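Asks: Quick note, the sequences are listed as chains A and B, same order.
Counting from 0, one number per residue, gives the positions in the first sequence under numbering that gives the first Met the number 0.
Counting from 0, one number per residue, gives the positions in the second sequence under numbering that gives the first Met the number 0.
All residues carry an ideal CB built from backbone N, CA and C; glycine is no exception.
These numbers were taken from a predicted model, which means no experiment stands behind them.
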Amino acid sequence: MPKLIKDGLIVENTWTLIAKPEGEAAAAEVPAGQVIIPVSVWLAQKETLQTRTDIGVWLDSDESAELIGAEANRFPVIGVNFPLFMDGRAFSSARLLRERYGFTGELRAVGNFIRDQLCYLRRCGVNAFAFANPEINLDEAAKSLQDLQEYYQAAVDQPLPLFRRRA
Amino acid sequence: MYIYDEYDNSILRQRVAQFRGQTERFLAGELPPEQFLPLRLQNGLYVQRLAPMLRINVPYGMINSTQIRKLAHIARHYDKGYCHVSTRQNIQYNWPDLTEVPDILSELADVGMHGTQSSGNCIRNTTSDQFAGTAPDEIVDPRPYCEIIRQWSSFHPEFAFLPRKFKIAVTGSTQDRAAVQVHDIGLQILLNEKGEVGFQVYVGGGLGRTPCIGSAIRDFLPEEDLLSYLEAILRVYNLYGRRDNKYKARIKILVRALTPEVFAQKVEAEWQYLKDGYNKLTRDEIERAKGFFTAPAYDTIDNAAAQAAVNAQASESVAFGKWLQRNVREHKVPGYAAVTLSLKPTGVAPGDITDSQLEIIANLADEFSFGEARTTHEQNIVLADVKKTELFTLWQKAKAAGFATPNIGTITDIICCPGGDFCSLANAKSIPIAEAIQRQFEDLDYVYDLGDIDLNISGCMNACGHHHVGHIGILGVDKAGKEFYQVQLGGNASNDASLGDVLGPSFSAEDMPTVIQKLVDVYLANRTAEELFIDTYRRIGAAPFKEKVYAKAN
Ligand code: HEM
Ligand code: SF4
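(1) Which residues mark the beginning and the end of the alpha helix (DSSP H) in which I72(B) is found?
(2) Are the CB atoms of T98(B) and I138(B) within a distance shorter than 8 Å?
(3) Let me know the beta strand (DSSP E) ranges lying completely inside the region 278-359 of chain B, each 3 residues or longer, listed in chain order.
(4) When you compare each of A215(B), T125(B), Q150(B) to L11(B) by their alpha carbons, which one comes out closest?
(5) Mind pulling the chain B residues with CB within less than 8 Å of L147(A)?
(6) Can you find a heavy atom of the ligand SF4 that lies under 7 Å from the Cβ of A178(B)?
(7) Alpha carbon to alpha carbon, what distance is there between L474(B) and W439(B)?
(8) Are the CB atoms of I148(B) and T126(B) nearer to each other than 8 Å?
(9) Taking P37(B) as the query, report the chain A residues whose CB atoms sit under 7 Å from its CB, ordered along the chain.
(10) Three or more beta-carbon pairs under 8 Å between the region 46-63 of chain B and the region 108-123 of chain A, yes or no?
(11) Distance cutoff 8 Å, beta carbons only. Does F162(A) sit that close to anything in chain B?
(12) Does D53(A) have its Cβ less than 8 Å from a Cβ in chain B?
(13) Would you mind sorting Y246(B) into buried or exposed? The rule is 16 or more other CB atoms within 10 Å of its CB.
(14) Under 7 Å Cβ to Cβ from I103(B), same chain only, skipping five residues before and after it: list those, please.
(15) Alpha carbon to alpha carbon, what distance is there between C82(B) and D115(A)?
(16) Would you mind telling me which residues of chain B sit closer than 7 Å to S91(A), beta carbon to beta carbon, in chain order?
(17) Evaluate L190(B) with the Cβ neighbour count: other Cβ atoms within 10 Å of its Cβ, from every protein chain shown; 16 or more gives buried, anything less gives exposed.
(18) Just checking N93(B) against the ligand SF4 - is the residue's beta carbon closer than 7 Å to any of the ligand's heavy atoms?
(19) Counting only beta-carbon separations shorter than 8 Å, does Y6(B) have a partner in chain A?
(20) Within 10 Å of its beta-carbon, does M0(A) have 16 or more other beta-carbons around it, so buried, or fewer, so exposed?
(21) Between the region 485-499 of chain B and the region 440-452 of chain B, do three or more beta carbon pairs fall short of 8 Å?
(22) Nearer than 7 Å: is that true of the beta carbon of G132(B) relative to any heavy atom of the ligand SF4?
(23) Can you give me the C-alpha to C-alpha distance between R87(B) and T375(B), rounded to a whole angstrom?
(24) Can you list, in chain order, the residues of its chain whose CB lies under 6 Å from that of F369(B), leaving out five sequence neighbours each side?
(25) Assign A69(A) to buried or exposed, taking buried as 16 or more other Cβ atoms, counted over all protein chains shown, within 10 Å of its Cβ.
(26) Please determine whether the Cβ atom of C145(B) lies at a distance below 7 Å from any heavy atom of the ligand SF4.
(27) I need the boundaries of the beta strand (DSSP E) containing M52(B), first residue and last residue.
(28) Indicate the three-state DSSP secondary structure (helix, strand or coil) for M511(B) in the structure shown.
(29) Answer with yes or no whether the minimum CB distance from F160(B) to chain A is below 8 Å.
(30) Taking the CB atoms as reference points, tell me whether D298(B) and K343(B) lie closer together than 8 Å.
(31) Applying a beta-carbon distance threshold of less than 8 Å, which residues of chain B neighbour D138(A)?
(32) I'd like to know whether the C-beta of L96(A) is nearer than 8 Å to at least one C-beta of chain B.
(33) Tell me, please, whether the CB atom of N553(B) is closer than 8 Å to any CB atom in chain A?
(34) Which chain A residues are close to Y277(B), counting only those with a beta carbon under 7 Å from its beta carbon?
(35) Would you list, in chain order, the members of the region 110-126 of chain A that have their beta-carbon closer than 7 Å to a beta-carbon of chain B?
(36) Which residues in the same chain as K545(B) place their Cβ atom closer than 8 Å to its Cβ, once the five residues preceding and following it in sequence are excluded?
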């Protein structure tokens, strides 16, 4: 089973990421088991998927956190996707999910982010990292979480900016 | 000026260690070049035509003598003995060795300096007025707010991978010397009727291939809301800025696509969620920041007597008098003056400075200006707190070191990008054009008679040399593999900011000095008494200039 970094540890990935459907989201098939489905599929099939507790959703970089909004906490896991690591929209989406919509579950970076972004992602509220590239050395990558340990500004992991903490 | 405390230092050390690791991974082939690219840019490292280029931040232009000596050491030890003051008040090295950059950054960290976010798609060094704290027309000293912005923007986790680079400038004076209207965000500090501090917020200005003047989206933002409001602007930009085309990714494009009104509404809507959060500035923090920018230990000086003495010296030395006239400015404290050291003698690339010159500047700062200096966006250096009684001695020393060219604000005080001599994006050379124009205007009395003229040169449409906002702007263009120069007139970077109009077909390098001479001739023939070049141009328009420059020789 593939692994990911979660809360600083390397753990089994028990969730399957479902790619965006080719055709209509309403027609996409949602398999049984723990799946993270595109938010469009969720929105199109909410009626029938409503009762399942083993469903998470993922947001693409051009999809707004508002699409999940107040519903966030019904999902055990939400993914934010990086189509390219330079596409930084997921950083804002993650903060919105945590800070505006109060999401407390697993917030997972998926796709093509790089290890050098882990620190910042964690600050934005992401607590799980599932690299698209299976060859990443997760032990090495997890070390990057320690790169920066003191910060100036308010963010999810440290809501008090340094100016409110400075002795 | 601001002094790093244990927090600033530990943050910086962590950053240096992080970058050292990244560089090692890159050199070992573990970090692919395309992934290393934004990481090195965020530490100031470009890869250029001849060598890497390293850009070191000088936050809002403030630098002390210890830091200047460190820059000299780096120029000597790691580079070819010189560096360059940029139009964003930063220092650039043109010949560092990639493998040594972590060491350079580590040495800089010893004196509280770095290249953090000096390049890349993130919030860049905040720039400001080089006369902050000393200018008689100052409403409020902008530097404490610049420092607050520096801390907020440094390593901001949400905004390190923006659609494009992002530049903020702040001014606290009535006369804008920070070009706030041509920045992604420009902040003009104001006082309201109750005497409270706030900001007029401009957004969506910028140069480059789509030059724009910023739009005011808020007339008075209370000072305690500075960071939450900036955060709202940046979040809207991060989420909605275009990412499909890097030429359309700047915030100016978004602001124009949405209209400034709709953009402002989006920001206000976002801000509603943020404004009462922890980013709201506290009185304590504002006071703490201000505490770093209090007046130095000025002496009580009889201004009239000091001025009389200076006038007497000027009447004995014409050269000193010229320097006083152009390079020395009024100071708000009686008996003091602000001095600009010119980095624009003819024949030196504008803004270039050698290691030993840096050391001399450090000594001059210690001797005459409380150990501090400022870099300017016109690519000069300012000693801001000089006793009038010491101006003559300072002038003699500055002259001996080559910084006393009395040309500040004149047509030979050219802003110029590195162009084809150093920059891999260039379409044409810039530095030799600057030199040729300086040679054309060697007669100082004549140059003084022309009054203030901003002449700005860029080697390509990226506009590093601010050519769009030069009263006379020169842009290097490529025509069938040959270098040509387009002339623009009527740009202005100050309060009534405007973008230049293209005069017509471009010229060869050899023609440039004569072309500029002709433009100046038209001005001289048409100006009213006291009228500046820019005002004459605005009054009479482009036609007379065109006529003269493009007239067929017969
Ligand atoms: C030699 C290496 C340099 C490279 C590769 C470079 C690259 C660029 C690029 C690509 C842009 C356009 C950005 C855009 O429109 O989005 C730009 C703009 C700019 N650069 Fe440079 N630059 C260099 C050196 C400099 C220097 C030496 C200065 C200062 C003298 C400078 C100051 C600026 C400024 C002020 C702008 C305009 C910013 C705006 O659009 O508002 N750059 N540069
Ligand atoms: S204007 Fe063009 S040529 Fe000049 S430094 Fe900028 S990118 Fe290079």
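Replies: Considering the structure as presented:
(1) Taking the first residue of the second sequence as 1, we reach residue 72(B) at position 73. A small fix is needed here, since residue 72(B) is His in this sequence, not Ile. Where H72(B) is concerned, the enclosing alpha helix (DSSP H) stretches over 64-77.
(2) Position 139 of the second sequence, counted from the first residue, corresponds to residue 138(B). Position 99 of the second sequence, counted from the first residue, corresponds to residue 98(B). Annotated as distal: I138(B) and T98(B), with beta-carbon spacing of 8 Å or more.
(3) Every unbroken stretch of the beta strand (DSSP E) spanning 3 or more residues and falling wholly within the region 278-359 of chain B is given here in chain order: 327-329, 335-340, 351-353.
(4) Residue numbering aside, residue 11(B) sits at position 12 when the second sequence is read from its first letter. L11(B) has its Cα closest to that of Q150(B), out of A215(B), T125(B), Q150(B).
(5) As a position in the first sequence, residue 147(A) is number 148, starting the count at 1. The answer, in chain order, is I10, Q13, R14, Q17, F154.
(6) The residue labelled residue 178(B) in the question sits at position 179 within the second sequence. For the ligand SF4, no non-hydrogen atom lies closer than 7 Å to the CB of A178(B).
(7) Translated into positions along the second sequence, residue 439(B) becomes position 440. Translated into positions along the second sequence, residue 474(B) becomes position 475. Strictly speaking, residue 439(B) in this sequence is Gln, with Trp absent from that position. When rounded, the distance between both Cα atoms is 19 Å.
(8) Here residue 148(B) corresponds to residue number 149 of the second sequence, with the count starting at 1. Here residue 126(B) corresponds to residue number 127 of the second sequence, with the count starting at 1. For I148(B) and T126(B), no; Cβs fall outside 8 Å.
(9) Position 38 of the second sequence holds residue 37(B). Correct list: M85.
(10) Three or more Cβ pairs closer than 8 Å define a contact, and the region 46-63 of chain B falls short of that threshold against the region 108-123 of chain A.
(11) The residue you call residue 162(A) lines up with position 163 of the first sequence. Yes, because at least one Cβ of chain B sits closer than 8 Å to the Cβ of F162(A).
(12) What you label residue 53(A) is simply residue 54 of the first sequence in a count that begins at 1. Cβ-Cβ to chain B under 8 Å: no for D53(A).
(13) The sequence position of residue 246(B) within the second sequence is 247, counting from 1. Y246(B) comes out exposed.
(14) Residue 103(B) sits at position 104 when you count from the first residue of the second sequence. Around I103(B): L53, I73, Y77, P95.
(15) Against the first sequence, residue 115(A) aligns to sequence position 116. Against the second sequence, residue 82(B) aligns to sequence position 83. Their backbone Cα atoms lie some 30 Å apart in a straight line.
(16) The residue you call residue 91(A) lines up with position 92 of the first sequence. Simply E157, R234, N237, L238.
(17) Taking the first residue of the second sequence as 1, we reach residue 190(B) at position 191. Flag for L190(B) reads exposed.
(18) Residue mapping note: residue 93(B) aligns to position 94 of the second sequence, counting from 1. No, since every heavy atom of the ligand SF4 falls outside the 7 Å radius drawn around the Cβ of N93(B).
(19) Locating residue 6(B) in the second sequence gives position 7, counting from the first residue. With 8 Å as the cut-off, Y6(B) counts as an interface residue toward chain A.
(20) Against the first sequence, residue 0(A) aligns to sequence position 1. By the C-beta density criterion, M0(A) is exposed, having fewer than 16 other C-beta atoms within 10 angstroms.
(21) These segments do not touch.
(22) Numbered from 1 along the second sequence, position 133 holds the residue referred to as residue 132(B). G132(B) has its Cβ no nearer than 7 Å to any heavy atom of the ligand SF4.
(23) The residue labelled residue 87(B) in the question sits at position 88 within the second sequence. The residue labelled residue 375(B) in the question sits at position 376 within the second sequence. Rounded to whole angstroms, R87(B) to T375(B) spans 8 Å at the Cα level.
(24) To locate residue 369(B), count along the second sequence from 1; it is residue 370. Hits under 6 Å: P295, D384.
(25) If you number the first sequence from 1, residue 69(A) lands on position 70. That one is exposed.
(26) As a position in the second sequence, residue 145(B) is number 146, starting the count at 1. Closer than 7 Å to some heavy atom of the ligand SF4: that does not describe the Cβ of C145(B).
(27) For the purposes of this step, residue 52(B) is identified with residue 53 of the second sequence, where counting begins at 1. Unbroken beta strand (DSSP E) run through M52(B): 51-55.
(28) Taking the first residue of the second sequence as position 1, residue 511(B) is located at position 512. In the structure shown, M511(B) sits in a helix (DSSP, three-state: H, G or I).
(29) Within the second sequence, numbered from 1, the residue matching residue 160(B) stands at position 161. Chain A contact via Cβ: present.
(30) Mapped onto the second sequence, residue 298(B) falls at position 299. Mapped onto the second sequence, residue 343(B) falls at position 344. No; because the gap between Cβ atoms is not below 8 Å, this pair is not in contact.
(31) Taking the first residue of the first sequence as 1, we reach residue 138(A) at position 139. Here the premise fails: no neighbours, minimum Cβ distance about 14 Å.
(32) Reading the first sequence from its first residue, position 97 is the one you call residue 96(A). Not flagged as an interface residue toward chain B: L96(A), since no C-beta distance is shorter than 8 Å.
(33) Position 554 of the second sequence, counted from the start, is the residue given in the question as residue 553(B). In this predicted model, N553(B) has a pLDDT of only 48, less than 50, meaning its place in the structure is not dependable; the value taken from the coordinates is given anyway. Answer no: the Cβ-Cβ gap between N553(B) and chain A never drops below 8 Å.
(34) Against the second sequence, residue 277(B) aligns to sequence position 278. The answer, in chain order, is A153, P158, L159, P160, R163.
(35) Listed by position, the residues of the region 110-126 of chain A near chain B (Cβ gap below 7 Å) are I113, D115, Y119, R122, C123.
(36) Reading the second sequence from its first residue, position 546 is the one you call residue 545(B). Only L502, G503 meet the Cβ criterion.
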